[in-house]
Amino acid sequence: MPPREGVYGLLAEFNTPSELVHATEEAHRAGYRRMECYTPYPVEEAAEALHFHKTRVPLVCLIGGLMGVTTAFLMETWINVWAYPLNIAGRPLFSWPAFIIPAYEWTILFAGFSAALGMIALNGLPQLYHPVFNAPNFRNGATTDKFFLCLEAVDPKFSLSETRAFLEQFPAVSVVEVDH
Amino acid sequence: MATKGPMQDPSVDPVIDPMIDPRTGEYAVIAPGHNFKSVTQKIAGIVLTSNTPLGWFFGLIVAAGVAMGLVIGCTWLFLKGVGIWGVTIPGAWGFAIINFVWWIGIGHAGTLISAILLLFKQTWRNSINRFAEAMTIFAVVCAGTFPLIHVGRPWLAYWLFPYPNTMNVWPQFRSPLAWDVFAVSTYASISIIFWYIGMIPDFGTLRDRATMPAAKYFYGMLSLGWRGSTRHWIRYESASLLLAGLSTPLVLSVHTVISFDFAVAALAGWHTTIFPPYFVAGAVYSGFAMVLTLAIPIRKFYHMEDLVTLRHLDNMAKVMLATGSIVAYGYGMEVFMAWFSASHWEFFMMWNRMFGPMGWAYWILILTNIAIPLTTLWSRKLRVNVTFLFILSLIVNTGMWFERFVIVVTSLYREYLPSSWGTYRATKWDYMIYVGTMGLFTFLFFLFVRFLPMIPMSEIRMMLPQTKVTRGVDAETATEETA
Numbered sequence: 039m040p041p042r043e044g045v046y047g048l049l050a051e052f053n054t055p056s057e058l059v060h061a062t063e064e065a066h067r068a069g070y071r072r073m074e075c076y077t078p079y080p081v082e083e084a085a086e087a088l089h090f091h092k093t094r095v096p097l098v099c100l101i102g103g104l105m106g107v108t109t110a111f112l113m114e115t116w117i118n119v120w121a122y123p124l125n126i127a128g129r130p131l132f133s134w135p136a137f138i139i140p141a142y143e144w145t146i147l148f149a150g151f152s153a154a155l156g157m158i159a160l161n162g163l164p165q166l167y168h169p170v171f172n173a174p175n176f177r178n179g180a181t182t183d184k185f186f187l188c189l190e191a192v193d194p195k196f197s198l199s200e201t202r203a204f205l206e207q208f209p210a211v212s213v214v215e216v217d218h
Numbered sequence: 032m033a034t035k036g037p038m039q040d041p042s043v044d045p046v047i048d049p050m051i052d053p054r055t056g057e058y059a060v061i062a063p064g065h066n067f068k069s070v071t072q073k074i075a076g077i078v079l080t081s082n083t084p085l086g087w088f089f090g091l092i093v094a095a096g097v098a099m100g101l102v103i104g105c106t107w108l109f110l111k112g113v114g115i116w117g118v119t120i121p122g123a124w125g126f127a128i129i130n131f132v133w134w135i136g137i138g139h140a141g142t143l144i145s146a147i148l149l150l151f152k153q154t155w156r157n158s159i160n161r162f163a164e165a166m167t168i169f170a171v172v173c174a175g176t177f178p179l180i181h182v183g184r185p186w187l188a189y190w191l192f193p194y195p196n197t198m199n200v201w202p203q204f205r206s207p208l209a210w211d212v213f214a215v216s217t218y219a220s221i222s223i224i225f226w227y228i229g230m231i232p233d234f235g236t237l238r239d240r241a242t243m244p245a246a247k248y249f250y251g252m253l254s255l256g257w258r259g260s261t262r263h264w265i266r267y268e269s270a271s272l273l274l275a276g277l278s279t280p281l282v283l284s285v286h287t288v289i290s291f292d293f294a295v296a297a298l299a300g301w302h303t304t305i306f307p308p309y310f311v312a313g314a315v316y317s318g319f320a321m322v323l324t325l326a327i328p329i330r331k332f333y334h335m336e337d338l339v340t341l342r343h344l345d346n347m348a349k350v351m352l353a354t355g356s357i358v359a360y361g362y363g364m365e366v367f368m369a370w371f372s373a374s375h376w377e378f379f380m381m382w383n384r385m386f387g388p389m390g391w392a393y394w395i396l397i398l399t400n401i402a403i404p405l406t407t408l409w410s411r412k413l414r415v416n417v418t419f420l421f422i423l424s425l426i427v428n429t430g431m432w433f434e435r436f437v438i439v440v441t442s443l444y445r446e447y448l449p450s451s452w453g454t455y456r457a458t459k460w461d462y463m464i465y466v467g468t469m470g471l472f473t474f475l476f477f478l479f480v481r482f483l484p485m486i487p488m489s490e491i492r493m494m495l496p497q498t499k500v501t502r503g504v505d506a507e508t509a510t511e512e513t514a
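Residue numbers (the working numbering), protein chains in the order written: chain A, 39 to 218; chain B, 32 to 514.
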């Protein structure tokens, strides 16, 4: 991939979540689509304003859980019936009620790891570099007490002067240009 | 009624105490006056400060010294074998299994706080959830030590896991001890991943607030480049909820499986169906006691009274009251079933447990687990009395240790054949290793409070009144008001 250069987007900083949500809703109404909010805690209203509803994390988790239960149950059956059959007080080799317990645990193990690692993977993490970190005010606020809206340059509606004027109509603390 | 809530204590004047919400008469979950910045600075400051309190060094050294007991005890154990312990026939299970069950049980409150209370939307849990989870992990570390060193040849402990080997030998899945391996290893793994996922946003905060290059690098790596993007937050919240939903049946299953270690054996005193629920309730009971044991000194030492308030202590005491009552019911049922089963063996086991040579342990258990806590915790005045709660938490933890002692020892040492009766006496090595794990636990906890954010900052921010989003016309007026 060639190194990207130039403007990544315009980053507006807000003091309250209400201002951020309002600006995001207006930006969506004005036709902007490639944008992202950055907040110090989850703001569900911002996700609604971005029209971001569906995550695939639950699906990944479900697939993981099904894999866990299948793996564990088949493994136990194979081990105790074929690989290493042992007569334990005359119990049947295929003692499926006893096999449920480790299978149950591995369902949770696989599902939990799928949910956690799936979330990280879908988020594209770990990603130690991101253009928004170049903004001088971003790191001071985004993980502490400020709310950011970034309109990205890849949006077809993006124009440095017009978008800046659009963002400045909101009570933003600052609107800064973010470079790659 | 408008000013006095149902929980109002007439002796406390809401006008004088700013921590009391005048509408409900309850203590506030966060002291009034906090904002996003102040909670962040307060919590991050403990980790990022260059002035580590002297008391921390002192505590760490003492804990490390006590933990040396574990190192020395295990060294001698590996040289000599389990013969240095008090275990013998018929008392083949001694301190190792008692301590294992005790430690795992303590861990369970951490998962209960982080998972079950999250599902029930109990937001007060946010302040105590991180260190309760840390407590879980460190307790599981201590618990896991015991089965490993108990196997006799600990260098072969990995044989417990199913792995392809040249001996062509595999585990036997009809044994509760094999279930234990799966339950405890899953529990440890899920607890660690849940804990870490919970800390990622806070690592982002620490990375951005750190001034030392080493700290920036360390927390930056751990944060995975977290930037608080809304799409990330939504997936993050989804994963947290899923992990909570998965941890809830997990925590119930872990102590159930541990109770199967006993209940599946055909031994009077062990072979009962009440064990799973009664073990889980006991685990939560002792775990909340341990959270109090840890939270009370920490909030005092780090001046966290505004984030871990009397409301938290009060609520935890209430959970202890509820789970303690379930445990009391369990004890009652054991006695009842011993009589109702009309089984000679069950009847003798219970008589021997109460009035036999080790009857003192049973009565200590009743005193510390039932008599003292379940009479005092009904009083709200005592539930918000910090000193009292601290002492009570130590009493309950002692009681829960005795519960496991009573179950393990008094069921074993006088079993079916009088000719094989014996007794159980722990040796100094038993005590040394047990006390050593307490040192290890405290040592790990000291490291945790110094290097990791002990209160989840992002979750505390969500509890502040400033998070309310107002829309449309309201938003504009709200902006004007703040301006």
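Glycine is no exception: its CB is placed at the ideal position from the N, C-alpha and C atoms. Treat the numbers as computed from the prediction; the structure is a model and nothing was measured.
Integer Cβ distance of residue i from residue j, believed to fall under 8 Å
i                : j                : result
LEU283 (chain B) : VAL311 (chain B) : 6 Å
ILE139 (chain A) : GLN203 (chain B) : Rounded, the Cβ-Cβ distance is 13 Å, inconsistent with contact.
LEU187 (chain A) : ALA65 (chain A)  : 7 Å
TYR70 (chain A)  : LYS184 (chain A) : Wrong, their Cβ atoms sit about 20 Å apart, outside the cutoff.
TYR226 (chain A) : GLY259 (chain B) : Since the first residue of chain A shown is 39 and the last is 218, residue 226 (chain A) is not available in this structure.
VAL417 (chain B) : LEU344 (chain B) : 7 Å
ILE228 (chain B) : ALA270 (chain B) : 6 Å
LEU79 (chain B)  : ALA245 (chain B) : Actually they are not in contact, since the Cβ atoms of LEU79 (chain B) and ALA245 (chain B) sit about 11 Å apart, beyond 8 Å.
Opening and closing residue of the beta strand (DSSP E) in which residue i lies
i                : result
VAL213 (chain A) : 212-217
PHE185 (chain A) : 185-190
GLU446 (chain B) : No beta strand (DSSP E) holds GLU446 (chain B); DSSP gives it neither H nor E.
Test: residue i CB closer than 8 Å to a CB of chain A
i                : result
GLN203 (chain B) : yes
HIS302 (chain B) : no
THR407 (chain B) : no
ILE115 (chain B) : no
THR261 (chain B) : yes
ALA509 (chain B) : At ALA509 (chain B) the pLDDT is 47, less than 50, meaning the model places this residue with poor confidence and gives no usable figure here.
VAL504 (chain B) : Here VAL504 (chain B) scores only 49 on pLDDT, less than 50, and its place in the model should not be relied on; the value that follows carries that caveat. VAL504 (chain B) does not count as touching chain A.
GLU164 (chain B) : no
SER158 (chain B) : no
GLN39 (chain B)  : The pLDDT assigned to GLN39 (chain B) is 49, lower than 50, so where the model puts this residue is not dependable, and the model offers no usable value.
GLN153 (chain B) : no
Alpha helix (DSSP H) segment containing residue i, residue limits
i                : result
TYR393 (chain B) : 390-396
ALA348 (chain B) : 341-371
PHE52 (chain A)  : Careful: PHE52 (chain A) lies outside any alpha helix (DSSP H), inside the beta strand (DSSP E) at 45-52.
GLU268 (chain B) : 261-294
MET493 (chain B) : 488-493
TYR142 (chain A) : 134-160
GLU83 (chain A)  : 82-87
ASN383 (chain B) : 375-386
ASP193 (chain A) : Careful: ASP193 (chain A) lies outside any alpha helix (DSSP H) and carries neither H nor E.
Own chain, CB closer than 8 Å to residue i, minus 5 neighbours either side, in chain order
i                : result
TRP376 (chain B) : ALA299, TYR447
SER222 (chain B) : GLY138, GLY141, THR142, GLU164, THR167, ILE168, VAL171, SER278
Residues near residue i by beta carbon distance below 6 Å, same chain, minus five either side
i                : result
GLU490 (chain B) : ASN157
VAL427 (chain B) : ALA320, PRO404
Min CB distance residue i to chain B below 8 Å
i                : result
GLU143 (chain A) : yes
ILE117 (chain A) : yes
LEU97 (chain A)  : no
LEU48 (chain A)  : no
GLU74 (chain A)  : yes
PHE137 (chain A) : yes
PRO140 (chain A) : yes
PHE204 (chain A) : no
LEU104 (chain A) : no
VAL211 (chain A) : no
GLY128 (chain A) : no
GLU215 (chain A) : no
Sequence-distant residues of its chain with Cβ nearer than 7 Å to residue i (five each side left out)
i                : result
MET494 (chain B) : VAL60, ILE61, THR154, ASN157
ARG202 (chain A) : LEU48, VAL213
THR34 (chain B)  : Only weak support exists for where THR34 (chain B) lies, its pLDDT of 44 falling under 50; the value from the coordinates is given anyway. Counting only Cβ-Cβ distances below 7 Å, and skipping sequence neighbours, we find PRO53.
PRO193 (chain B) : TRP201, PRO202
* Asked: What residue ranges within the stretch 298-341 of chain B form continuous beta strand (DSSP E) runs of no fewer than 3 residues, ordered along the chain?
  -> none
* Which ranges would you report for the alpha helix (DSSP H) in the stretch 41-98 of chain B if only whole runs of at least 4 residues count? -> 67-79
* To do: Please list the segments of the alpha helix (DSSP H) lying wholly inside the stretch 53-116 of chain A, counting only runs of 4 or more residues, in order along the chain.
  => 55-67, 82-87, 95-115
* Hey, which unbroken runs of the alpha helix (DSSP H) at 4 residues or more fall wholly within the stretch 151-205 of chain B? -> 157-181
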